[in-house]
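Throughout the sequence shown, residue numbering follows numbering that gives the first Met the number 0, covering 0 to 149 in sequence. Cβ coordinates follow ideal geometry from the N, Cα and C atoms, glycine included.
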Amino acid sequence: MSTLRMNRGMRIGNQIVIGLLKAGVHLGPNVVLTVLGRKSGLPRSVPVAIVEVNGQRYLQSPYGQVEWVRNLRAAGKGLIQRGRHTEVLQAIELSPAEAAPVLKEVVSHIPGMLRRFYAVAPDAPLEAFEQDAANHPMFRLVPEQSTRVV
Numbered sequence: 000m001s002t003l004r005m006n007r008g009m010r011i012g013n014q015i016v017i018g019l020l021k022a023g024v025h026l027g028p029n030v031v032l033t034v035l036g037r038k039s040g041l042p043r044s045v046p047v048a049i050v051e052v053n054g055q056r057y058l059q060s061p062y063g064q065v066e067w068v069r070n071l072r073a074a075g076k077g078l079i080q081r082g083r084h085t086e087v088l089q090a091i092e093l094s095p096a097e098a099a100p101v102l103k104e105v106v107s108h109i110p111g112m113l114r115r116f117y118a119v120a121p122d123a124p125l126e127a128f129e130q131d132a133a134n135h136p137m138f139r140l141v142p143e144q145s146t147r148v149v
């Protein structure tokens, strides 16, 4: 399973992007995701891209089983933010079979620089996407009734 290792430059870059997003700068589908750490219980923020497919919103990790995935899986919900707009969302993890059609749509529209993290071509059959989906956790996002992350 592929997992991205964060280096110092990437951490600094993430902090810059988080600052821009919190200031309201529109950077495509990117938002700040804040989730409580599964061990520390402290809020952890990371820039992520939310994709919309057939009227549903999804959050998917091109980088594999990274920390925000583990935290979101444990918490079951998170806060997304861009500028002053914040929203608490329940995160429902999809099985590879459920994620495959969404992943196919995502891969067909992502920039080439991100495509290298996927083991499938945009025109591959759905079965290939189901196999690759095991390496790219995906969550369907549903509005939460509560406005609190904790």
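Bridge partners - residue i, DSSP secondary structure assignment
i, result
"Ala90", "Leu140"
"Ala48", "Asn29"
"Lys76", "Gln89"
"Leu58", "Ile49 and Phe138"
Rounded C-alpha distance that separates residue i from residue j
i, j, result
"Ile79", "Ala96", "26 Å"
"Val165", "Glu129", "In the structure as shown, the chain begins at 0 and stops at 149. Residue 165 is therefore absent and cannot be evaluated."
"Met0", "Gly63", "Only weak support exists for where Met0 lies, its pLDDT of 45 falling under 50; the value from the coordinates is given anyway. When rounded, the distance between both Cα atoms is 7 Å."
"Ala22", "Arg83", "8 Å"
"Val105", "Lys38", "31 Å"
"Glu86", "Val141", "10 Å"
"Leu125", "Gln14", "36 Å"
"Gly8", "Ala73", "27 Å"
"Glu143", "Leu20", "22 Å"
"Ala133", "Ser94", "8 Å"
Coil, strand or helix - residue i by DSSP
i, result
"Val119", "coil"
"Ala98", "helix"
"Gln64", "coil"
"Arg114", "helix"
"Leu41", "coil"
"His84", "strand"
"Val34", "strand"
"Gly12", "helix"
"Val24", "coil"
"Asn6", "coil"
"Ile109", "coil"
"Ser1", "With a pLDDT of only 49 at Ser1, under the threshold of 50, the placement of this residue in the model should not be trusted; the figure read from the coordinates follows. Residue state, collapsed to three classes: coil."
Contact set for residue i: own chain, Cβ-Cβ below 7 Å, skip 5 residues either direction
i, result
"Gln55", "Arg139"
"Ile17", "Val31, Ser44 and Pro46"
"Gly77", "Leu32, Thr33, Val34, Leu71, Leu88, Ala90 and Val148"
Whole-Å CB distance - residue i paired with residue j, under 8 Å assumed
i, j, result
"Gln59", "Met137", "4 Å"
"Tyr157", "Val50", "Because residue 157 is not part of the residues shown, which for the chain are 0 to 149, the question remains open."
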